[in-house]
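Notes for the one structure printed next.
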Amino acid sequence: MSLHPVIPWPFVVIVGLLLVGFTTWRLIADERRRGRWALRLGTSLVMVIALLGPAVNGGIAKQAASDVNVFFVVDTTTSSMARDYKDGQTRLEGYREDIAKIQEGMPGARFSIITFDYAARVSMPLTTDTTALQTAAENMRPENSLYSGGSSITVAGEQLKETLEGAQERTPDRSRVVFYLGDGEQTSSEEPAPFDLGDDLVDGGAVLGYGTEEGGKMATTRGDGSTGDDVTDAQGNPGVSTIDEDNLEDLAEQLGVPYTHREGGDIGPALEEADPGTTKDAEGAEIEIYTSVVWVFAVLLTLLLAIDLLFITREIGRLRRATP
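Residues are numbered in the numbering used here as their position in the sequence shown, beginning at 1, plus a constant of 62.
The following block contains the structure:
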């Protein structure tokens with residue numbers, strides 16, 4: 063058994079002394095209504111116990127602790143809407159699915175998302191809030207295909223470098239892990255500029271490739287995230303996006319991380335190959351697990367108050383009948 067006060071314990075002590083002291087005094091002084099004051103003394107004691115927050119201990123758990131910063135670099139060009147991921151899903155759906163799996167496999171880490179199409183932007187800064195990560199992943203939207211003019215698979219290079227350098231400066235003791243999620247398709251007329259991140263900014267991660275050699279058709283997209291008919295070329299032929307694994311393997315080599323082609327399923331092997339930093343030897347802070355039983359005393363308190371109210375109601379009725 064343990065106590066977890068509902069309000070600060072000094073206030074509980076003050077309230078308890080006042081209630082219990084007063085009802086005890088009245089119990090002794092009012093001989094004619096000792097039964098009523100005994101009931102109120104019991105009510106006061108139950109209230110004080112409830113305010114102390116009694117609970118049944120359930121053991122000690124270890125809070126997950128990790129010294130890893132994880133950066134997702136995600137391709138949100140029109141090709142992310144290609145429907146050649148598992149079961150006809152879009153690649154973007156695959157990105158979201160794997161981000162969730164990586165988060166589950168790395169409890170306690172901090173996560174950030176950088177998205178890119180014709181330009182790169184930090185969609186979510188580093189945070190341990192997994193709900194924020196899920197929301198940011200769900201809110202990832204492909205570029206407006208009406209204004210798509212080609213993009214480079216390394217357009218996020220400068221933004222990634224600045225973000226990694228900032229994280230290194232602020233928390234130099236934390237590992238920096240990069241997961242690049244994309245199809246490797248270079249639609250810009252220029253060759254992709256190589257990632258120039260240096261030797262000490264990336265401690266682990268992986269390049270995750272999505273799509274097939276046969277490719278997939280893509281729906282047109284608008285700025286609000288809605289979709290229209292499939293993309294077509296100038297002659298009206300269906301636009302098809304294919305994966306370029308050679309480009310993705312080059313990116314993996316530049317980042318110093320392994321490349322893995324993703325078609326759904328367990329993310330575990332990709333995480334093992336990625337060697338995502340180090341987890342602290344300590345298991346984390348101890349957390350006491352308990353089950354509150356305040357509700358039991360709250361029910362009892364309600365019952366006692368109802369009985370007292372019944373007595374008061376009857377007494378008022380007798381006084382009214384006795385009044386001429």
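Virtual Cβ for every residue (Gly too), placed ideally from N, Cα, C. As the structure is a prediction and not an experimental result, all values here were calculated from the model.
In this structure Ile176 touches Gln221 by the C-beta definition: roughly 6 Å separates them, less than 8 Å. Exposure of Trp87 is indicated by the presence of fewer than 16 other C-beta atoms within 10 angstroms of its C-beta. The alpha carbon of Ala117 has as its nearest neighbour, out of Trp357, Leu363, Phe373 and Arg383, the alpha carbon of Trp357. Of the residues Pro204, Leu226 and Leu89, the one whose Cα lies closest to the Cα of Pro187 is Leu226. With 16 or more other CB atoms across the displayed protein chains lying within 10 angstroms of its CB, Leu270 is buried. In the same chain as Leu362, and ignoring 5 residues on each side of it, the C-beta atoms closer than 7 Å to its own belong to Val108, in chain order. The C-beta distance from Gly277 to Thr304 rounds to 4 Å, short enough to meet the 8 Å contact threshold. For Leu154, same chain residues with a beta-carbon under 8 Å away, outside a window of 5 residues either side, are Thr138, Ser142, Met143, Met202 and Pro204 in chain order.
Shown here for Asp92: same chain residues with a beta carbon closer than 7 Å to its own, the five before and five after excluded, namely Trp99 in chain order. Positions of the beta strand (DSSP E) runs, each at least 3 residues long and wholly inside the region 177-224, are given as 182-189 in order along the chain. Here the alpha carbon of Arg284 sits roughly 4 Å from the alpha carbon of Asn206. Just so you know, the alpha carbons of Ile90 and Ala360 end up roughly 27 Å apart. In this structure, Val130 lies near Ser237, with their beta-carbon atoms less than 8 Å apart. Under DSSP, Ser303 shares a beta bridge with Gly278. Taking a 10 Å sphere around the C-beta of Arg383, we find fewer than 16 other C-beta atoms and assign the residue as exposed.
Taken atom to atom, the span from the alpha-carbon of Arg172 to that of Leu367 is near 50 Å. Rounded to the nearest whole angstrom, the CA to CA distance from Glu231 to Val240 is 17 Å. Distance from the CA atom of Pro300 to the CA atom of Thr282, rounded to whole angstroms, is 11 Å.
When beta bridges are read from the DSSP output, Thr289 appears opposite Thr283. Its chain contains Lys279, Met280, Ala281, Thr282, Pro300 and Gly301 as the residues whose beta carbon lies nearer than 8 Å to that of Asp292, once the 5 sequence neighbours on both sides are disregarded; these appear in chain order. Each residue's CA atom was taken as its position, placing Pro67 and Gly115 some 5 Å apart. Judged by their CB atoms, Gly246 and Glu159 are not nearer to each other than the 8 Å cut-off. Judged by beta-carbon spacing, Leu113 lies beyond the 8 Å limit of Val82, meaning their Cβ atoms are not closer than that value.
Taking 8 Å as the upper bound for CB-CB distance, Phe257 and Thr216 are in contact here, some 6 Å apart. Looking at the DSSP output, Arg172 shares a beta bridge with Asn131.
Straight across, the Cα-Cα distance linking Thr364 with Pro72 is about 24 Å. Taking a C-beta distance under 8 Å as the contact criterion, Gly104 and Gly330 do not qualify as a contact pair. Counting the other Cβ atoms within 10 Å of the Cβ of Ile374 gives fewer than 16, which makes it exposed. DSSP places Gly326 in the coil class of the three-state scheme, outside both helix and strand. Boundaries for Gly267: no alpha helix (DSSP H) harbours it, while the beta strand (DSSP E) harbouring it runs Gly266 to Gly271, taken from the DSSP string.
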